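Read top to bottom, the protein sequences are chains A and B. Note that full-length UniProt numbering has the first sequence beginning at 1, numbered continuously upward. Note that full-length UniProt numbering has the second sequence beginning at 1, numbered continuously upward. Working notes, beginning with the structure itself.
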Amino acid sequence: MLFLTRQLLSKRGDAVFGRALRQASKYSRSNALSTLAILEQRDGQLVQGSLSAVTAGIKLGGPVHGFLAGSSVSTAAEQAAKVNGVEKIITVENGAYDKGLPENYAPLLVENIKKGGYTHVIAGHTAFGKSVLPRVAALLDSQQISDVTAIEDEKTFVRPIYAGNAIATVESTDAIKVLTIRGTAFPAAIPEQASTPIESGVDAKSEATSEWVSEDLAKSDRPDLSTASKVVSGGRGLKSKEEFDKVMLPLADALGAAVGASRAAVDSGYADNSLQVGQTGKVVAPQLYMAVGISGAIQHLAGMKDSKVIAAINKDPDAPIFQIADVGLVGDLFEKVPELTEKIKSS
Amino acid sequence: MSALRILVPVKRVIDYAVKPRVNKAQTGVETAGVKHSMNPFDDLSVEESVRIREKKHAPGGVEDICAFSAGPPKAQEILRTAMAMGADRGIHVEIKEGEELEPLTVAKLLKKSVEEQKSNLVILGKQSIDDDAGQTGQMLAGLLNWPQATQASKIEFGPDDAVTVTKEIDGGVETVRAKLPMVITTDLRLNTPRYATLPNIMKAKKKKLDKKTLEDYGLTNEKRLKVLKVTEPPQRQGGGKVEDVDGLIGKLKELGAL
Chain A
1 MLFLTRQLLS
11 KRGDAVFGRA
21 LRQASKYSRS
31 NALSTLAILE
41 QRDGQLVQGS
51 LSAVTAGIKL
61 GGPVHGFLAG
71 SSVSTAAEQA
81 AKVNGVEKII
91 TVENGAYDKG
101 LPENYAPLLV
111 ENIKKGGYTH
121 VIAGHTAFGK
131 SVLPRVAALL
141 DSQQISDVTA
151 IEDEKTFVRP
161 IYAGNAIATV
171 ESTDAIKVLT
181 IRGTAFPAAI
191 PEQASTPIES
201 GVDAKSEATS
211 EWVSEDLAKS
221 DRPDLSTASK
231 VVSGGRGLKS
241 KEEFDKVMLP
251 LADALGAAVG
261 ASRAAVDSGY
271 ADNSLQVGQT
281 GKVVAPQLYM
291 AVGISGAIQH
301 LAGMKDSKVI
311 AAINKDPDAP
321 IFQIADVGLV
331 GDLFEKVPEL
341 TEKIKSS
Chain B
1 MSALRILVPV
11 KRVIDYAVKP
21 RVNKAQTGVE
31 TAGVKHSMNP
41 FDDLSVEESV
51 RIREKKHAPG
61 GVEDICAFSA
71 GPPKAQEILR
81 TAMAMGADRG
91 IHVEIKEGEE
101 LEPLTVAKLL
111 KKSVEEQKSN
121 LVILGKQSID
131 DDAGQTGQML
141 AGLLNWPQAT
151 QASKIEFGPD
161 DAVTVTKEID
171 GGVETVRAKL
181 PMVITTDLRL
191 NTPRYATLPN
201 IMKAKKKKLD
211 KKTLEDYGLT
221 NEKRLKVLKV
231 TEPPQRQGGG
241 KVEDVDGLIG
251 KLKELGAL
């Protein structure tokens with residue numbers, strides 16, 4: 001409500017009163033909770049999944065500011081500005097931050113965190129968040145809390161340990177709480193009609209001591225694995241890359257699903273490493289997870305057991321996956337999956 | 001090119017194949033009588049360090065590979081394993097049985113150790129499979145103000161102390177380059193760790209293992225996070241099996257998944 005009033009005021013051009021209000025909120029902020037949600041951009045486009053940090057920030061209560069840095073962040077910032085519940089978007093326009101190199105991005109965040117007097121800093125538990133946030137935490141002398149799945153209050157957080165075989169509730173005593181959050185536990189905030197003000201942050205201008213050389217991203221027309229509503233995942237039972245592609249891809253297309261894989265399938269070269277689901281790969285929680293030729297090792301279950309419905313097709317009736325699957329079919333996947341694909345297509 | 005002085009931090013954790021059980025008091029998981037081994041990602045760090053030497057990957061050569069662990073007395077076993085794989089020596093910072101250090105404390109400890117050992121490359125696992133925090137390497141790089149490359153699947157050395165690292169990222173790989181000194185964390189695809197052979201295990205017993213304490217480094221086990229409780233995750237109940245593909249489709253429709 002406060003920021004709405006302020007927007008109206010600044011629109012009317014009532015600068016004096018506007019400033020007084022800003023100061024009042026600044027004062028209260030120095031004591032009270034406020035959150036910086038780190039947003040990600042890629043080639044100037046907002047990474048929608050990073051809006052999970054906003055969802056988590058709103059859950060904490062208190063004002064939430066979004067943060068974006070890169071050479072052309074205005075489009076991404078405007079997209080983020082549409083999200084309800086964000087007080088402002090802070091941007092730093094500088095190509096030095098395009099690739100999110102931790103050596104200069106971490107000091108950049110530290111400067112902006114100190115300037116804004118934030119009590120909470122949140123980023124997604126993504127490749128970017130995992131690389132940059134611990135560095136930020138160390139520079140702030142704060143013990144980061146990784147892969148948070150629930151926020152109980154401003155200092156109490158829940159996170160899985162031991163590949164999700166235990167759930168720890170921890171209380172942070174740090175002045176600045178630095179968190180990475182599990183995207184599947186905090187659905188990304190959806191841009192709506194808000195028009196949050198966009199402000200420039202401080203550019204720390206520290207030098208990047210590493211240099212970005214190149215990237216090679218797996219291209220696919222299928223939905224993104226981490227956010228897909230349906231995932232079909234193949235394991236060692238697929239026997240070869242050719243069979244994996246021949247059996248799994250048509251099923252994925254029939255369902256409109258993303259493709260995942262077990263570590264065994266990735267290690268054997270049946271599927272790209274970026275498709276790995278599990279403790280050391282991606283964590284997914286789709287509406288439907290269909291495990292094909294996957295036994296269900298602890299490390300795989302860590303990445304998918306929060307799925308709404310789990311289906312399994314495996315020829316071994318004793319495979320551990322059947323203990324957690326909502327529906328299981330014992331049979332040869334090379335027969336059952338093509339049959340399933342046909343029947344889904346024709347229905 | 002500087003000769004490499006590699007520091008390899010390793011952690012003793014519950015073996016990856018063991019299903020951990022939460023203790024009755026809900027303060028942690030049962031560790032007594034449970035098989036422990038080296039954190040799998042640290043296995044990769046040791047292997048990579050030894051390969052850099054054996055395959056002469058670094059133009060300046062490898063002067064020293066020092067394995068480092070902060071843990072209970074039994075952590076010495078995994079330091080011996082690291083030495084049997086090819087590390088030259090070990091440093092053990094003894095922590096009381098049952099005590100744990102938080103990643104920030106480990107990073108501070110490693111910073112002091114790096115300075116003491118004059119290390120110019122630290123290779124750590126990307127995460128330990130017990131706490132799953134995935135923070136120590138990045139925190140250490142931040143404290144040292146060194147460049148970092150996380151989740152490495154390939155490490156290459158060039159002239160003028162340049163190190164090129166291919167990293168696993170969401171959706172593919174990314175390659176970055178930096179100069180020594182630096183911090184690298186390992187991903188599973190980096191290599192396949194060797195098994196220590198019996199002769200090497202015997203030889204490792206003669207290698208130097210320094211024993212230290214946190215106090216030697218001017219540190220205490222300061223906890224920033226208070227563990228309020230540790231619980232079992234909600235158990236999923238299997239929903240049983242169906243006879244055929246039609247049964248599968250029927251059940252999925254019933255569950256609203258199709």
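Quick reminder that beta carbons are idealized off the backbone N, C-alpha and C, glycines included. Source: prediction; values computed, not measured.
For residue i and residue j, what's the separation of their Cα atoms in angstroms?
i, j, result
"R186/A", "E222/B", "Residue identity differs from the one stated: residue 186/A is Phe in this sequence, not Arg. Those two C-alpha atoms are separated by around 31 Å."
"S28/A", "E111/A", "For S28/A, the predicted structure reports a pLDDT of 44, less than 50, and the residue's modelled location is therefore unreliable. A value from the coordinates is still provided. Answer to the nearest angstrom: the Cα atoms are 20 Å apart."
"A204/B", "K112/B", "25 Å"
"F322/A", "G260/A", "18 Å"
"Q79/A", "Q48/A", "9 Å"
"L329/A", "D316/A", "10 Å"
"E171/A", "T280/A", "25 Å"
"L255/A", "A189/A", "26 Å"
"T156/A", "L225/B", "9 Å"
"A53/A", "N145/B", "27 Å"
"D14/A", "E93/A", "Here the model assigns D14/A a pLDDT of 43, short of 50, so the residue's position is not dependable, and the following value carries that caveat. Cα-Cα distance, rounded: 29 Å."
"E116/B", "I91/B", "12 Å"
From the DSSP secondary-structure annotation, give me the bridge partner or partners of residue i.
i, result
"I91/B", "F68/B, D210/B"
"M248/A", "Paired residue(s): none; M248/A is not in a bridge."
"H125/A", "According to DSSP, H125/A bridges with nothing at all."
"D216/A", "V173/B"
"L225/B", "S172/A"
"Q276/A", "A261/A"
"R5/B", "D64/B"
"L288/A", "K230/A, V309/A"
"I90/A", "F67/A, E199/A"
"E77/B", "Looking at the DSSP assignment, E77/B forms no beta bridge with any residue, so it has no partner."
"A153/A", "For the record, residue 153/A in the displayed sequence is Asp; it is not Ala. Answer is T156/A, bridged to D153/A."
"I167/A", "P160/A, T231/B"
In chain B, what lies closer than 9 Å to residue i by C-beta?
i, result
"residue 387/A", "Nothing in the structure corresponds to residue 387/A, since chain A is present only between 1 and 347."
Go ahead and pull the three-state DSSP assignment for residue i.
i, result
"T173/A", "coil"
"G137/B", "helix"
"P191/A", "strand"
"R42/A", "strand"
"residue 357/A", "In the structure as shown, chain A starts at 1 and stops at 347, and residue 357/A therefore has no counterpart that could be examined."
"R21/B", "coil"
"I310/A", "strand"
"H65/A", "strand"
"M182/B", "strand"
"P160/A", "strand"
"R29/A", "In this prediction, R29/A scores a pLDDT of 44, lower than 50, which makes its location untrustworthy; the coordinate-derived value is nonetheless stated afterwards. Of the three classes helix, strand and coil, the one that applies to R29/A here is helix, per DSSP."
"S10/A", "For S10/A, the pLDDT reaches just 43, beneath the cut-off of 50, and the residue's location in the model is therefore unreliable, leaving the point undetermined."
"I129/B", "coil"
"Q148/B", "strand"
"R189/B", "helix"
"P59/B", "coil"
"L51/A", "helix"
"G86/B", "coil"
"R236/B", "coil"
Mind listing the chain E neighbours of residue i? Cutoff is C-beta to C-beta under 8 Å, in chain order.
i, result
"A107/B", "The structure shown has no chain E; the protein chains it does contain are A and B."
Which bits of chain B does residue i rub up against, with CB to CB less than 8 Å?
i, result
"R182/A", "Simply none; closest approach about 11 Å."
"F244/A", "The contacting residues do not exist; F244/A stays about 18 Å from chain B at best."
"P160/A", "D132, P233"
"R135/A", "Q138, M139, A141, G142, Q148"
Please compile the residues from chain A whose C-beta is within a distance smaller than 8 Å of the C-beta of residue i.
i, result
"L228/B", "T156, T169, V170, E171"
"I249/B", "L340, K343, I344, S347"
"T164/B", "V213"
"L219/B", "Going along chain A, no residue has its Cβ under 8 Å from L219/B, so there is no contact; the nearest lies around 13 Å."
Identify the contact partners of residue i in chain B, using a Cβ-Cβ distance below 7 Å as the criterion.
i, result
"G269/A", "Here the premise fails: no neighbours, minimum Cβ distance about 11 Å."
"Q144/A", "Q135"
Using the beta-carbon of each residue, which ones in chain A are nearer than 9 Å to residue i?
i, result
"I129/B", "Y162, A163, Q279, T280, Q299"
"F169/B", "Note on identity: in this sequence residue 169/B is Ile, with Phe being the wrong assignment. The contacting residues are T126, A127, F128, S131, E215, L217, S274."
"T175/B", "W212, V213, S214, E215, D216"
Which chain A residues sit within Cβ distance under 7 Å of residue i?
i, result
"P20/B", "Y162, N165, A166"
Exercise for the section: Evaluate the contact criterion for the region 123–133 of chain A versus the region 131–150 of chain B: three or more CB pairs, one atom per stretch, below 8 Å. Expected result: In this structure the region 123–133 of chain A lies against the region 131–150 of chain B, because at least three pairs of beta carbons, one per stretch, are closer than 8 Å.
Handout entry: Sufficient close CB pairs (3 or more, under 8 Å) joining the region 21–29 of chain B to the region 57–68 of chain B
Key = No: fewer than three Cβ pairs fall under 8 Å.
Exercise for the section: Could you tell me whether the region 209–220 of chain A touches the region 170–178 of chain B, using the rule of 3 or more Cβ pairs below 8 Å? Expected result: Counting Cβ pairs under 8 Å, three or more are found: they touch.
Problem - Cβ contact check for the region 285–292 of chain A and the region 304–315 of chain A: 3 or more pairs under 8 Å - result: Cβ pair count under 8 Å is three or more, so yes.
Problem - the region 41–59 of chain A / the region 67–77 of chain A touching (three or more Cβ pairs under 8 Å) - result: The region 41–59 of chain A vs the region 67–77 of chain A: in contact.
Exercise for the section: Indicate whether the contact test is met: 3 or more Cβ pairs, each with one atom in the region 40–58 of chain B and one in the region 123–143 of chain B, closer than 8 Å. Expected result: With a cut-off of 8 Å, the region 123–143 of chain B and the region 40–58 of chain B count as touching, because enough Cβ pairs lie within range.
Problem - Stretch pair the region 67–78 of chain B + the region 2–10 of chain B: three plus CB contacts closer than 8 Å - result: Flag = yes, the region 67–78 of chain B and the region 2–10 of chain B touch.
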